[in-house]
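Residue numbers (my numbering), protein chains in the order written: chain S, 884 to 1138; chain L, 14 to 246.
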C-alpha cells in the first residue's frame, strides 16, 4: 500500500478549478452572505491545528444558483478535507452536486454524487433527465481499485454507518477508498467529469412550474440539508479544530 | 442421457417462510388462469397482503430463474418484498430487497422501523463473494438502502444455500413486519403509499418485461411471460 506524503497530496482547488477549468464559461461572483453568515470569514482559516479556505459563488445575473462552493482544510500537515457543492436555487430541481474528497497518507476517501431532490421512484423521468447521464461514468469509475476488489464492488457502502446519508444518494454514487497514487489521480478525473456533467445540465435547466411538485421537492431538499448540516459526523471534529462558529459556516457552504 | 442437475431449493426454502402466514391461494392473476404455468407460478393473498407471487422456472442443465414478490395492502403502509434469483451452472445472480413505499429520506419513522432494522443483515451479507450494486439502473433506482445484490461464482455446492440466506433472512424479517402490522395508516399516508406502490409496480413490470425479453426468457417461455408479470407485480 502506497503512503503519500502531505506535500504530494492532491491540490484539490488547483486541480479542480484551475487545471480542469471547471468554471471558465461561467461568470461567477462571490457570495458574500449565506444563510445570514459572512462567508468572507471562511476565505482564510488559520487555526493551531488547521488551515484552509472555502469559497462560495453565485452566477452573475442569474437566479439559477443558490451556491457553487468549494474548499479545503489542511489538518496538521497530515490530511486534507476537501469539498465541492453545487446547489441550485429553490425554483430549480437539479440534484445537489456533492463531493467529499478526503486524503491522508494511507488513502483517499471519496463520495461524489448528484443527490436527487425528489423521490426518483415516484418521478422516474427525473432520473432519466438528471441522473442517467452519469451511467457510463459510474460504470467506468466504480471499477477503480479500492471501489472494486476481487470481484466485489463496494460502491453505495461508504456511508454504511449513516443510513440518512445513504438515503440521499442517487443510483450513481462513486464512493469508497482508494490507496494507490495513480488511482488517486483517477478520482480527480471522476470528480471533474461529474462536475462538468452537472454544469451542462444546469445550463439547460428551466424553473419548476408545478407548485405541488415544488412543495414536495423542497420538503426533501430541506430534510437533506438538515441532515448533513446537523448530523454529518465530520462536524464534531470540525468544531474542535476550527471552533463552533466557523464550523457552522463551513458546513452550510459545503452542504 | 444427460444427468439432470439439481437446482438450489429456492421455492422450498421461501415457502417454508411464507407458510408462517395464513395463505389463501389464488388461481388467477389479471384475469389469467395460473394453471397455464404448469405449477411454475403461484399466487396467494392474506389479510394484509394484496398479492404474494412466487415462481421458479428451471431446466435440466441446472439453470433456474426464480422470484418472489409481496405487495401489501396500502392501509398497512408496509414496504414491498422483492427477491430475484437467476441461477446458471457456475454462477448465481440475485437481488433481494425490502422496497419502501414512502420517501424514506423524509419519513424517518418508517425508515427506522422497516429499513434500518435490516442494517445488520445488510452489513453481514456484504461479505458474500461477488457482492456488487444491482446492474439494472432502473431497478437499482427503486431499491432501498439495504438491498443486497451480487453475482456469486458457485465454486462448491454448499455455496448455493449460503447465497440463498439473504433471501430467506430478508423474507423472515419481512414476515415479522407483516405479522406486527396494523391497518392504521392515515388517509394521507395511504395516499402516499398508493402513489409510490403504483410507481414501483410499473417499474417492476418494466423490469420483468426486460427479463422475459432477455436470456432468462428462454427458461420462462413465451407462454408464461404475461403470467409472470401478472403474478410478480
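Ideal placement from N, C-alpha and C gives every residue a C-beta, glycine not left out.
Legend: CB atoms of the region 203-214 of chain L lying less than 8 angstroms from CB atoms of chain S belong to residues 208, 209, 212, 213.
Annotation: the continuous beta strand (DSSP E) that includes residue 948 of chain S extends over 948-958. Taking 8 angstroms as the threshold, the shortest C-beta distance from residue 95 of chain L to chain S does not fall below it.
Contacts with chain S (Cβ-Cβ distance below 9 angstroms) from the region 124-137 of chain L involve 124, 125, 128, 129, 132, 135, 136, listed in chain order. In chain order, 967, 995, 1074 place their CB closer than 6 angstroms to the CB of residue 982 of chain S, counting only its own chain and leaving out the 5 sequence neighbours on each side. Distance between residue 1086 of chain S and residue 1118 of chain S, taken at the CA atoms: about 32 angstroms. Looking at the DSSP output, residue 98 of chain L shares a beta bridge with L:79, L:107. Counting only runs of 3 or more residues that sit fully inside the region 892-920 of chain S, the beta strand (DSSP E) segments are 911-913, in chain order. The beta-carbon distance between residue 979 of chain S and residue 1107 of chain S, rounded to whole angstroms, is 7 angstroms. This is short enough to meet the 8 angstroms contact definition.
Residue 924 of chain S: not part of any alpha helix (DSSP H); DSSP gives it neither H nor E. In the structure shown, residue 985 of chain S falls within a strand segment according to DSSP collapsed to helix, strand and coil. Where residue 1020 of chain S is concerned, there is no enclosing beta strand (DSSP E), although the alpha helix (DSSP H) around it starts and stops at 1018-1024.
Bridge pairing for residue 965 of chain S: S:955, S:984 [DSSP]. Distance from residue 1004 of chain S to residue 213 of chain L at the Cβ level is roughly 6 angstroms; contact confirmed, criterion being Cβ atoms closer than 8 angstroms. In the structure shown, the three-state DSSP call for residue 1107 of chain S is helix.
When 8 angstroms is used as the limit between beta carbons, residue 902 of chain S is near no residue of chain L, the shortest such separation being about 30 angstroms.
In the DSSP assignment, residue 133 of chain L falls within the unbroken alpha helix (DSSP H) covering 132-138. When secondary structure is reduced to three states using DSSP, residue 1042 of chain S falls in the coil class, being assigned neither helix nor strand.
Proximity to residue 62 of chain L across L:187, L:209, L:226, L:218 peaks at L:187, based on C-alpha coordinates. The beta-bridge partner set that DSSP reports for residue 970 of chain S consists of S:950. By the Cβ test, the region 139-155 of chain L is in contact with the region 217-234 of chain L, since at least three Cβ pairs between them sit closer than 8 angstroms.
Around residue 97 of chain L, the same chain offers 80, 107, 108 as residues with beta carbons nearer than 7 angstroms, after the five sequence neighbours per side are excluded. Considering only L:39, L:44, L:73, L:49, the residue with the shortest C-alpha distance to residue 19 of chain L is L:73. Taking one beta carbon from each stretch, the region 940-958 of chain S and the region 907-916 of chain S have 3 or more pairs nearer than 8 angstroms; the two touch.
Of all residues in the region 214-226 of chain L, only 216 come within less than 8 angstroms of chain S when Cβ atoms are compared, listed by chain position. Note that the C-beta distance between residue 210 of chain L and residue 114 of chain L is below 8 angstroms.
Put simply, of L:168, L:175, L:224 the residue whose alpha carbon is nearest the alpha carbon of residue 104 of chain L is L:168.
Interface with chain L (8 angstroms Cβ-Cβ cutoff): residue 1002 of chain S is included. A distance of 8 angstroms or more separates the beta carbons of residue 1134 of chain S and residue 1105 of chain S.
Interface flag for residue 87 of chain L against chain S is unset, since no Cβ pair is found closer than 8 angstroms.
For the region 149-190 of chain L, the full-length alpha helix (DSSP H) segments reaching 4 residues or more read 150-154 along the chain. Within the same chain, 34, 35, 36, 37, 65, 191 come within 8 angstroms of residue 59 of chain L by CB-CB distance, once the 5 residues on both sides are set aside. Taking a Cβ-Cβ cut-off of 8 angstroms, the neighbours of residue 1015 of chain S in chain L comprise 150, given in sequence order.
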